[in-house]
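Asks: Let me give you the structure first, and then I'll get to my questions.
There are 2 protein chains.
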Amino acid sequence: MRSSDDRTTAARIRDAAITEFAARGVAGTSIRTIAATAGVSPGLVIHHFGSKEDLRVACDEHVAGIIRDVKGGAMASGGGFDVTAAFRAVGEIPAAKYLARTLVDGSPHVAELVDEIVRDAVGYVATGVETGMIKPTEHEWGRAAILTIWSLGALVLHEHLERLIGVDITADFSQDPTATTAYMAPALEIFSQGVFTETTVQLMREAFVSQRSAQEKESV
Amino acid sequence: MRSSDDRTTAARIRDAAITEFAARGVAGTSIRTIAATAGVSPGLVIHHFGSKEDLRVACDEHVAGIIRDVKGGAMASGGGFDVTAAFRAVGEIPAAKYLARTLVDGSPHVAELVDEIVRDAVGYVATGVETGMIKPTEHEWGRAAILTIWSLGALVLHEHLERLIGVDITADFSQDPTATTAYMAPALEIFSQGVFTETTVQLMREAFVSQRSAQEKESV
DNA sequence: CAATACATTAAACGATCGTTCAAGATCGAC
DNA sequence: GTCGATCTTGAACGATCGTTTAATGTATTG
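In the order they appear, the protein sequences are chains A and B. Residues in the first sequence are numbered from -8 upward in steps of one, following the numbering used here. Residues in the second sequence are numbered from -8 upward in steps of one, following the numbering used here.
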């Protein structure tokens, strides 16, 4: 039975930490809990990683590595800026949940990683525009950033999304057509035809301009 | 000087707790920290709220109350399903940040609250469709849910959004036209014209159908 | 086989945690 | 002005936290 888990003890501890940190946050997880999940003593956790903070950094770096692998591998065949799709494709569910938590908890490396994902999205979108798949825009960076944030935001709020539409985007639902429809269909619709009518766009543009000129008056 | 703060001591403790919980999470915040922020002794916190968990519930309910007020007041004049706009309009920044944290930490009341926001969004969108402001859809619930999740997701990831495009959506930037442009312009663009071209939509639809029929074959 | 390095554990340490408690301080009611 | 109720504090309690330490087990190596 042991042959079914060929990971190092240190790797098992690290993976247990990733799971626990993802579920309860770093502050909400004790070393004793991680040790219990990994089936070792608390002292061994410290022996292998030095301290809780160092263990957290090790988790950070490991998940960051997975993300970079996933991006390199499944990017071209997938949805581009939809990071969550890449995770599902590779089956790295704990890493996805860890990222979701860490995006809010904050960590030494996650900000850097998000910037990286957005830069990739900019490149992906630019290619899409060149090949006529994606509409051009004045706000290249802003649009890529917002699309990425929305995608990551859905990942972070996966529990709510699951409750709302019955789809866990941190799980592999590629075999479940119902789930695919519930999540992908409305998103695809928004991304293709938008939600506002021409009338609304015109109204908002006018309101925006008038607000702006009013502020210019104020500031004089 | 004391006249500048007419809140009850209990209210000051509660507000301090909301701020600290929002910044560091519930597990990452000690009662002693809250007491220090409120300028009282740790014992007094317990005396007024019974326990840390009860204090958390009190924060939950207070913020939920603020959100319901905000929804009722600024909904009609604002962006509809953009919850964050409502917070800025009323100036309840700590409540917004508390909600952002609690959406991920989980709490006894937040799920209920999210469902409520989505139901409101469905109603708002339906009205918009009737008056010709919003495009109709097959997926009423799904679209409203996803739009709400995106909006809340941006709130949750406000720190990353600020770093990426220089706009803190938990702050009142109504006086800052640059910030308004950076965030609102791309979002409005996506919501009006979409991001995918007709070619892409057609391709995705075909891919979706073929995937589906392949799965139907499989399941036979 | 002896020696050495590494893996691992149980026990304990000091710090901090949420909470309790006893004792003042403050206040309104009679 | 006295009394009871409420507000507030400082000290302390037991539990749990991250971490250390000493000891034992288990390989590896010459």
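Ideal Cβ placement from N, Cα and C applies to all residues, glycine included.
1) For Ser68 (chain B), decide whether its Cβ has a neighbour in chain A, counting only Cβ atoms nearer than 8 Å.
2) Mind checking which residues open and close the alpha helix (DSSP H) that includes Glu103 (chain A)?
3) Given a cut-off of 8 Å, decide if Pro85 (chain B) and Asp6 (chain B) are closer than it, judged by their beta-carbon atoms.
4) By alpha-carbon positions, which one of A:Val116, A:Gly97 and A:Ala136 ends up nearest to Val109 (chain A)?
5) Please classify Ser68 (chain B): does DSSP put it in a helix, a strand, or coil?
6) Compare the C-beta of His38 (chain B) against all C-beta atoms of chain A and say whether one is closer than 8 Å.
7) Look up Phe187 (chain A) in the DSSP assignment and give the residues it is bridged to.
8) Tell me which residues share the same chain as Ser32 (chain A) and place their Cβ nearer than 8 Å to its Cβ, disregarding the 5 neighbours each side in the sequence.
9) Please name the residue, chosen from B:Pro127, B:Tyr174, B:Trp132 and B:Ala162, that lies closest to Glu131 (chain A) on a Cα-to-Cα basis.
10) How far does the alpha helix (DSSP H) with Val158 (chain B) in it extend, from its first residue to its last?
11) Please classify Gly69 (chain A): is it buried, with 16 or more other beta-carbons within 10 angstroms of its beta-carbon, or exposed?
12) Tell me where the alpha helix (DSSP H) around Glu131 (chain A) begins and ends.
13) What separation, rounded to the nearest whole angstrom, lies between the Cα atoms of Pro127 (chain A) and Val120 (chain A)?
14) Please report the distance separating the alpha-carbon of Gly34 (chain A) from that of Val113 (chain B).
15) State yes or no: is the beta carbon of Glu180 (chain B) nearer than 8 Å to at least one beta carbon in chain A?
16) On the three-state DSSP scale, how would you describe Ala31 (chain A)?
17) When the cut-off is 8 Å and only beta carbons count, does Val61 (chain B) lie next to chain A?
18) Could you tell me the boundaries of the alpha helix (DSSP H) in which Thr(-1) (chain A) lies?
19) Determine, using beta carbons only, whether Val186 (chain B) comes closer than 8 Å to chain A.
20) Using a Cβ-Cβ distance cut-off of 8 Å, determine whether Lys236 (chain B) contacts chain A.
21) Distance cutoff 8 Å, beta carbons only. Does Ile156 (chain B) sit that close to anything in chain A?
22) Excluding the five sequence neighbours on either side, which residues of its own chain have a C-beta within less than 7 Å of the C-beta of Asp163 (chain A), listed in chain order?
23) Measuring straight from C-alpha to C-alpha, what distance separates Ala170 (chain A) and Pro177 (chain A)?
24) Closest to Gly30 (chain A) by C-alpha separation, out of A:Arg15, A:Ala13, A:Val17 and A:Arg3, would be which residue?
25) Taking the CB atoms as reference points, tell me whether Thr93 (chain B) and Ser142 (chain B) lie closer together than 8 Å.
26) Can you look up Phe40 (chain B) in the DSSP assignment and give me helix, strand or coil?
27) Checking contacts by CB at 8 Å: is Val105 (chain A) closer than that to chain B?
Replies: In terms of the structure at hand:
1) With a pLDDT of 48 at Ser68 (chain B), under the threshold of 50, the predicted position of this residue should be treated as unreliable, though the coordinate-derived value follows. By this cut-off, Ser68 (chain B) is not an interface position.
2) Val101 to Glu121
3) yes
4) A:Ala136
5) Note that Ser68 (chain B) scores a pLDDT of 48, beneath 50, so its modelled location is shaky and nothing firm can be said.
6) Using a CB distance cut-off of 8 Å, His38 (chain B) does not count as an interface residue toward chain A.
7) B:Ile125
8) Ala26
9) B:Tyr174
10) Val158 (chain B) -> no alpha helix (DSSP H), and no H or E assigned at all.
11) A caution first: Gly69 (chain A) carries a pLDDT of 46, below 50, which makes its placement in the model unreliable, though a value can still be read off. Classification for Gly69 (chain A): buried.
12) That run of the alpha helix (DSSP H) goes Glu131 to Val147.
13) When only Cα atoms are considered, Pro127 (chain A) and Val120 (chain A) end up about 6 Å apart.
14) Cα to Cα, the separation comes out at about 53 Å.
15) For Glu180 (chain B), the nearest beta carbon of chain A is closer than 8 Å to its own beta carbon.
16) The sequence given here places Val at residue 31 (chain A); Ala does not occur at that position. Here Val31 (chain A) sits in coil by DSSP.
17) no
18) Counting along the chain, Thr(-1) (chain A) falls outside any alpha helix (DSSP H), and DSSP gives it neither H nor E.
19) yes
20) Outside the modelled stretch of chain B, which goes from -8 to 211, sits residue 236 (chain B), for which no answer is possible.
21) yes
22) Arg79 and Gly82
23) 12 Å
24) A:Arg3
25) no
26) helix
27) Contact with chain B is found for Val105 (chain A), since one of that chain's Cβ atoms lies less than 8 Å from the residue's Cβ.
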